[in-house]
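Heads up, the sequence shown is in the numbering used here, so the first residue is 2 and it goes up one at a time.
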Amino acid sequence: MISEKEKCRQGELYDANNDAELIAERQACKLLCHEYNHLLPSETKRRNDIIIKLFGKAGRGFLIEQPFFCDYGYNIEIGGNFYANVNCVVLDEAKVKFGDNVFIAPNCGFYTAGHPFDVEQRNRGLEYALPITIGNNVWIGAHVCVLPGVTIGNNCIIGAGSVVNKDIPEGSLAVGNPCRVIRKI
Numbered sequence: 002m003i004s005e006k007e008k009c010r011q012g013e014l015y016d017a018n019n020d021a022e023l024i025a026e027r028q029a030c031k032l033l034c035h036e037y038n039h040l041l042p043s044e045t046k047r048r049n050d051i052i053i054k055l056f057g058k059a060g061r062g063f064l065i066e067q068p069f070f071c072d073y074g075y076n077i078e079i080g081g082n083f084y085a086n087v088n089c090v091v092l093d094e095a096k097v098k099f100g101d102n103v104f105i106a107p108n109c110g111f112y113t114a115g116h117p118f119d120v121e122q123r124n125r126g127l128e129y130a131l132p133i134t135i136g137n138n139v140w141i142g143a144h145v146c147v148l149p150g151v152t153i154g155n156n157c158i159i160g161a162g163s164v165v166n167k168d169i170p171e172g173s174l175a176v177g178n179p180c181r182v183i184r185k186i
């Protein structure tokens, strides 16, 4: 029998609410996020150590302002010279990869989890997860929401308040709800 975690990894509907393994992993992550968010801003080494322990991969030179929240941590990969401002949320049920030189403004969310349209499936607590990929040299404005399955190409700027529900090609300035390319950079 296939585990709920394996179903999730395969992009299938899975039950995260009643699976002991997934619940335990989220709890462990929440404890690390809580510890991270309650450290003094001057405790740089301890903050960095927690992120390195929490994430699947962390490149050289990163700063993640507090508070920061994620679900599992191990599905997050950040490249070098990464910056996330306050209130960054990464629901990393699937992989979330950030390239090098990514800058994220305050109050941004990256959500790999989604729920079925079928009301019975949704009410049973089923969900799915699709990966998010952010390329190199990307600037994401304040209050941006990136939805499951989205790829943002290299050298892009996503304008403040955008809801990114489809892929954004490399070298684009994109804004809006839904987010759309308004010009090439």
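Cβ atoms here follow ideal geometry from the backbone N, Cα and C, with glycine treated the same way.
Quick caveat, the model's predicted, so the values are computed rather than measured.
Look at the beta carbons and you see the stretch 116 to 123 not touching the stretch 91 to 107: under three pairs across the two are nearer than 8 Å.
Pairing Pro132 with Val97 gives a Cβ-Cβ distance under 9 Å. Using a 10 angstroms sphere on the CB of Pro149, the tally of other CB atoms reaches 16 or more, which defines it as buried. Remark: C-beta atoms of Leu33 and Gly74 approach each other more closely than 9 Å.
The beta strand (DSSP E) runs lying completely inside the stretch 102 to 180 and spanning 3 residues or more are 110 to 112, 127 to 130, 133 to 135, 173 to 176, given in chain order.
With fewer than 16 other CB atoms across the displayed protein chains lying within 10 angstroms of its CB, Glu7 is exposed. Sorting Lys46, His39, Asp16, Phe99 by C-alpha distance to the C-alpha of Gly57 places Phe99 at the top. The distance from the Cβ of Val91 to that of Phe111 is about 5 Å, consistent with a contact at the 8 Å cut-off. Exposed is the label assigned to Asn38, since fewer than 16 other Cβ atoms lie within 10 Å of its Cβ. Nearest in C-alpha terms to Val139, of all of Arg125, Ile186, Pro179, Lys167, is Ile186. Between Leu40 and Glu128, the C-beta gap is not smaller than 9 Å, which leaves the two residues out of contact.
In the three-state reduction of the DSSP assignment, Tyr15 falls in the strand class, which pools E and B.
In its chain, beyond the 5 residues on either side, Gly60, Gly80, Gly81, Asn82, Phe83, Asn137, Asn138 have a beta carbon closer than 8 Å to the beta carbon of Asp101. One alpha carbon belongs to Val145, the other to Asp20, and they sit about 31 Å apart. Where Leu23 is concerned, the enclosing alpha helix (DSSP H) starts and stops at 21 to 38.
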